[in-house]
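>
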Amino acid sequence: MSIFSPARHIDKLPLQRIDPEYKRLRLQVFLGIFVGYAGYYLVRKNFSLVMPDLIEQGYSKGDLGFALSGVSIAYGLSKFLMGNVSDRSNARTFLTFGLVLSALTMIFMGVVPFATSSIAIMFILLFVNGWFQGMGWPPSGRVMVHWFSTKERGTKMSIWNVAHNVGGGLVGPIAIAAVAIFGTWESKFYFPGIVALVFALFAYLTIRDTPQSCGLPTIEAYKNDYPVNYSDALEKEMTAKEIFLDYVLNNRVLWYIAFANAFVYLVRYGILDWAPTYLEEAKGFSVKETGWAYFAYEYAGIPGTLLCGWISDKVFKGRRAPATIIYMVLVLVAVLVYWKNPPGNIMIDNIALVAIGFLIYGPVMLIGVQALDLVPKKAAGTAAGLTGLFGYLGGALFANIAMGFIVDKWGWDGGFIMLVAACLLSIAFTALTWQREKIHLNLQ
Numbered sequence: 001m002s003i004f005s006p007a008r009h010i011d012k013l014p015l016q017r018i019d020p021e022y023k024r025l026r027l028q029v030f031l032g033i034f035v036g037y038a039g040y041y042l043v044r045k046n047f048s049l050v051m052p053d054l055i056e057q058g059y060s061k062g063d064l065g066f067a068l069s070g071v072s073i074a075y076g077l078s079k080f081l082m083g084n085v086s087d088r089s090n091a092r093t094f095l096t097f098g099l100v101l102s103a104l105t106m107i108f109m110g111v112v113p114f115a116t117s118s119i120a121i122m123f124i125l126l127f128v129n130g131w132f133q134g135m136g137w138p139p140s141g142r143v144m145v146h147w148f149s150t151k152e153r154g155t156k157m158s159i160w161n162v163a164h165n166v167g168g169g170l171v172g173p174i175a176i177a178a179v180a181i182f183g184t185w186e187s188k189f190y191f192p193g194i195v196a197l198v199f200a201l202f203a204y205l206t207i208r209d210t211p212q213s214c215g216l217p218t219i220e221a222y223k224n225d226y227p228v229n230y231s232d233a234l235e236k237e238m239t240a241k242e243i244f245l246d247y248v249l250n251n252r253v254l255w256y257i258a259f260a261n262a263f264v265y266l267v268r269y270g271i272l273d274w275a276p277t278y279l280e281e282a283k284g285f286s287v288k289e290t291g292w293a294y295f296a297y298e299y300a301g302i303p304g305t306l307l308c309g310w311i312s313d314k315v316f317k318g319r320r321a322p323a324t325i326i327y328m329v330l331v332l333v334a335v336l337v338y339w340k341n342p343p344g345n346i347m348i349d350n351i352a353l354v355a356i357g358f359l360i361y362g363p364v365m366l367i368g369v370q371a372l373d374l375v376p377k378k379a380a381g382t383a384a385g386l387t388g389l390f391g392y393l394g395g396a397l398f399a400n401i402a403m404g405f406i407v408d409k410w411g412w413d414g415g416f417i418m419l420v421a422a423c424l425l426s427i428a429f430t431a432l433t434w435q436r437e438k439i440h441l442n443l444q
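Counting in UniProt numbering, the sequence shown runs from 1 upward without gaps.
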């Protein structure tokens, strides 16, 4: 589609303008994808805050859980398929368009009573919303690989990744403001949608597709940071077939990363989604204590992610596998403490849960960066999409469905055995990328 076509390269700017223009635009596009992606979270996470109101309308938790699964299913598929489209699209229009459609879907759910009249209709609308949500990460990845070089990408991606927590953290206050202003529970659908439209406008005004479309040299030339086998041919846009066959489907290391991501997501959501139930049932937490523990888990991820990106760039010189493995070994230790700590030691449980939150988001972020590192820039969205597909359909969905059945049949011990196994498998699959990564970064 012509509105999504990559921005055309223009003549290079005079030499004296390149450095100041590059510095200004790098900050500008970074702010654009940060605010834009935070906006996506405003209209991805708000349904959870409407669920208590829908329960009062007569829906069961099981029914609403099924409706909510529509987001995960669609998001996993969309991130992969729309990722490939985004590789051949202008990141500026692609990211903005997806956010506008997602926001309009949520506004529709709040304004039209028919939208919440049955579980089937909510599932369909949340599936549609999940599909549009898949248009956020891939263009952000495209911007990242075109504007930031390999050796600095871990740090920059870790800062950008905080947009997840910022957007997710704003949902609660925006929902409270919505009810205060409009006085209805439906406003928790449409008010975040309205705010997200403002975020979309900011993203459109600030994002630029590639340096070459602004009269600047490639980031590799500007930073003198060339990956192995780099050539000018890799700056040309590719067809969907070339991306899939040449750089994704036949890339064994990318498949290792995708499997590692599935197991990391299984641990992430196995702990996160079941924490309230586990803490109240098995550890005797009150509802209030559970709420604070859950909050601490999410926000501990911010410093943990930033530190992980810094370690990857500065200590391991752009390698992702060592930092991921160190973090996942520590996650394994924290999961064992969280599992085996006897009921009544609330402080130990909280420390273990915060440690898992601090540690787990680092590998979530780094595996995405590693996928971007190991393919040409023009295949970045598809590579990120493949890891996302495994993460959401293999990990998140499995954590929701399998964990419930396993705990019902074998108790919490059975569930934690599965989580420990997932930690070990994520470490094993990441270890398989160790050597290839060294070769790719010229560290051999």
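A virtual CB, placed ideally from N, CA and C, is assigned to each residue, including glycine.
(1) Please say whether L353 and A293 have beta carbons closer to each other than 8 Å?
(2) Excluding the 5 residues flanking R8 on each side, which residues of the same chain have their C-beta closer than 7 Å to its C-beta?
(3) Applying the criterion that 16 or more other CB atoms from any shown protein chain within 10 Å of the CB defines a buried residue, is W185 buried or exposed?
(4) With DSSP as the reference, label D246 as helix, strand or coil.
(5) Compare the beta carbon distance of Y204 and R88 with 8 Å and say whether it is the shorter of the two.
(6) Cα separation between M347 and L99?
(7) Sorted by chain position, which residues of the same chain lie with C-beta nearer than 8 Å to A275's C-beta, five sequence neighbours on each side aside?
(8) Roughly how far, in whole angstroms, is the beta-carbon of R44 from the beta-carbon of V253, given that I think they are within contact range, below 8 Å?
(9) Less than 8 Å between the C-beta atoms of R26 and G154, yes or no?
(10) G39: which of N84, G130, G344 and G193 sits nearest, CA to CA?
(11) Please say whether V267 and L386 have beta carbons closer to each other than 8 Å?
(12) State the DSSP-derived secondary structure class of P192, mapped to helix, strand or coil.
(13) Below 8 Å on the Cβ atoms is my contact criterion, and I expect F114 with I121 to pass it. Report the Cβ-Cβ distance as a whole number of Å.
(14) So, using beta-carbon positions, are residue 490 and V71 closer together than 8 Å?
(15) With a cut-off of 8 Å on the beta carbons, I'd call I367 and N261 a contact; round off their distance for me.
(16) Below 6 Å CB to CB, which residues in the same chain sit around T382 once its five sequence neighbours on both sides are set aside?
(17) By Cβ distance below 8 Å, which residues in the same chain neighbour S2 in space, the five residues on each side in sequence not counted?
(18) Excluding sequence positions up to five away, which residues of its chain have a Cβ less than 8 Å from the Cβ of D349?
(19) Taking the alpha-carbon positions, what's the D373 to E152 distance?
(20) Identify whether Q57 lies in helix, strand or coil by the three-state DSSP scheme.
(21) Would L15 be called buried (16 or more neighbouring beta carbons within 10 Å of its own) or exposed?
(22) Kindly indicate which residue of P376, K23, A371 and G36 has the alpha-carbon position closest to the one of V198.
(23) Using only the alpha-carbon positions, how far apart do V145 and R208 sit?
(24) Looking at the unbroken alpha helix (DSSP H) that takes in Q212, where does it start and where does it end?
(25) Is it buried or exposed for Q57, if we count other Cβ within 10 angstroms and need 16 for buried?
(26) Can you round the beta-carbon distance between F127 and I73 to whole angstroms, since I take them to be within the 8 Å contact cut?
(27) Count the other C-beta atoms from every protein chain shown that fall within 10 angstroms of the C-beta of L424, then say buried if there are 16 or more, exposed otherwise.
(28) For S7, which three-state DSSP category applies?
(29) Take Y265 and list the residues in its own chain whose beta-carbon comes closer than 6 Å to its own, dropping the five residues that flank it on each side.
(30) Do you know how far the Cα of G304 is from the Cα of Y22?
(31) Using only the alpha-carbon positions, how far apart do V162 and F405 sit?
(32) In three-state terms, what does DSSP make of N90?
(33) In the DSSP assignment, find the alpha helix (DSSP H) that holds S2 and state where it starts and stops.
(34) Hey, is N224's beta-carbon within less than 8 Å of any beta-carbon in chain C?
(35) What separation, rounded to the nearest whole angstrom, lies between the Cα atoms of Y256 and A431?
Quick answer:
(1) Going by C-beta atoms, A293 is nearer than 8 Å to L353.
(2) So the qualifying residues of the chain are S213.
(3) It is buried - the Cβ of W185 has at least 16 other Cβ atoms within 10 Å.
(4) Helix.
(5) For the pair Y204 and R88, the CB atoms are not nearer than the 8 Å cut-off.
(6) The C-alpha of L99 is placed about 40 Å away from the C-alpha of M347.
(7) So the list reads T290, A293, Y294, Y297 and L353, once near-sequence residues are dropped.
(8) Separation of the CB atoms of R44 and V253 is rounded to 30 Å, and the pair is thereby denied contact status at 8 Å.
(9) No, they are not a contact pair.
(10) Among N84, G130, G344 and G193, the Cα nearest to that of G39 belongs to G193.
(11) Contact: no.
(12) When DSSP states are grouped into helix, strand and coil, P192 belongs to the helix group.
(13) Here F114 really is in contact with I121; their C-beta atoms are around 7 Å apart, less than 8 Å.
(14) Because residue 490 is not part of the residues shown, which for the chain are 1 to 444, the question remains open.
(15) Rounded to whole angstroms, the Cβ separation of I367 and N261 is 5 Å, and the two are in contact under 8 Å.
(16) Result list for T382: G83, N84, D87, I243 and V248, in chain order.
(17) Its chain contains no residue whose beta carbon lies nearer than 8 Å to that of S2 once the 5 sequence neighbours on both sides are disregarded.
(18) Taken in chain order, the residues that qualify are L279, K283, F285, A293, Y338 and N341.
(19) If you take the alpha carbons of D373 and E152, they lie about 11 Å apart.
(20) Correct three-state label for Q57: coil.
(21) Flag for L15 reads exposed.
(22) Closest option to V198, Cα to Cα, is G36.
(23) In a straight line, the C-alpha of V145 is about 13 Å away from that of R208.
(24) Careful: Q212 lies outside any alpha helix (DSSP H) and carries neither H nor E.
(25) Counting Cβ neighbours within 10 Å, Q57 comes out exposed, since fewer than 16 surround it.
(26) 7 Å between Cβ atoms; contact.
(27) With fewer than 16 Cβ atoms within 10 Å of its Cβ, L424 is classed as exposed.
(28) First, the residue type needs correcting, since residue 7 is Ala and not Ser in the sequence shown. DSSP places A7 in coil when its eight states are reduced to three.
(29) Counting only Cβ-Cβ distances below 6 Å, and skipping sequence neighbours, we find G391, G395 and A396.
(30) In a straight line, the C-alpha of Y22 is about 29 Å away from that of G304.
(31) Their backbone Cα atoms lie some 33 Å apart in a straight line.
(32) The answer is coil: DSSP assigns N90 none of H, G, I, E or B.
(33) Membership of S2 in any alpha helix (DSSP H) is not indicated, and neither H nor E is assigned to it by DSSP.
(34) Among the chains in the structure shown there is no chain C, since it carries only a single protein chain.
(35) Taking the straight line from one Cα to the other gives about 9 Å.
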